[in-house]
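A short worksheet on the structure shown next.
In this note's numbering, the protein residues as written are 106 to 309.
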């Protein structure tokens, strides 16, 4: 999936200017999250294998997943990647065999160096987009507002599991353009609250 993502992307200086790839996943953010999780699993597998061939294959896979994260041009995935690598550093700080982690960090640094200008430009958009509701962040805020109103109308049981997109055309009127009226909430907690109400959120 990461290899497919790498082949079908071009990175611009901003999210809107980039051709973003979702690999074989449903969307760019989902793909980025999958690639970060895969990187963590692969890092663990490399620490347990004794086969040099398997270790080499897993090393290539680590490179593909890291590059795949950058090719999704997902700001969420970039932050998750930094967090995952940071946690791996902390968790393996007292272990003697840090080779796989060192390799992962080197791969990330190489990719950051190659795509430095574009990555920095995209990273610089994160805080302003959150503060001012710019870019896709504004769409998320409006999705969350619609979800909040769904919950206010159905506080205990919600609108029903899987019914957020079905109800969005009604609750998203005036908030979102028609092309966005089939989306999910882009927030697990808002979606749970809107679809299952207080009961579902409490159980979750």
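Note that beta-carbon positions come from the ideal geometry of N, C-alpha and C, so glycine has one too.
Three-state secondary structure (DSSP) of residue i
| i | result |
| --- | --- |
| residue 165 | helix |
| residue 140 | helix |
| residue 157 | helix |
| residue 177 | coil |
| residue 129 | coil |
| residue 106 | coil |
| residue 120 | The pLDDT assigned to residue 120 is 41, lower than 50, so where the model puts this residue is not dependable, and the model offers no usable value. |
| residue 309 | coil |
Nearest-angstrom beta carbon gap, residue j and residue i [assumed within contact, 8 Å]
| i | j | result |
| --- | --- | --- |
| residue 269 | residue 243 | Actually they do not touch by this definition, with Cβ atoms about 19 Å apart. |
| residue 141 | residue 185 | 5 Å |
| residue 183 | residue 111 | Not quite, the Cβ-Cβ distance comes to about 16 Å (not below 8 Å), so this is no contact. |
| residue 263 | residue 301 | 4 Å |
Whether residue i touches residue j by CB criterion (7 Å)
| i | j | result |
| --- | --- | --- |
| residue 107 | residue 170 | yes |
| residue 150 | residue 163 | yes |
| residue 189 | residue 255 | no |
| residue 261 | residue 303 | yes |
| residue 309 | residue 297 | yes |
| residue 148 | residue 154 | no |
For residue i, the nearest candidate out of the options (CA to CA)
| i | options | result |
| --- | --- | --- |
| residue 179 | 292, 256, 134 | 134 |
| residue 143 | 260, 167, 158, 160 | 167 |
| residue 174 | 191, 147, 136 | 136 |
| residue 280 | 262, 249, 305 | 249 |
| residue 138 | 177, 154, 147, 152 | 177 |
| residue 152 | 181, 132, 187, 193 | 193 |
| residue 258 | 247, 272, 246 | 272 |
| residue 211 | 158, 165, 196 | 165 |
### Task
Kindly provide the ranges of any alpha helix (DSSP H) runs that are 4 or more residues long and lie completely inside the region 237-306, ordered along the chain.
240-258, 269-276
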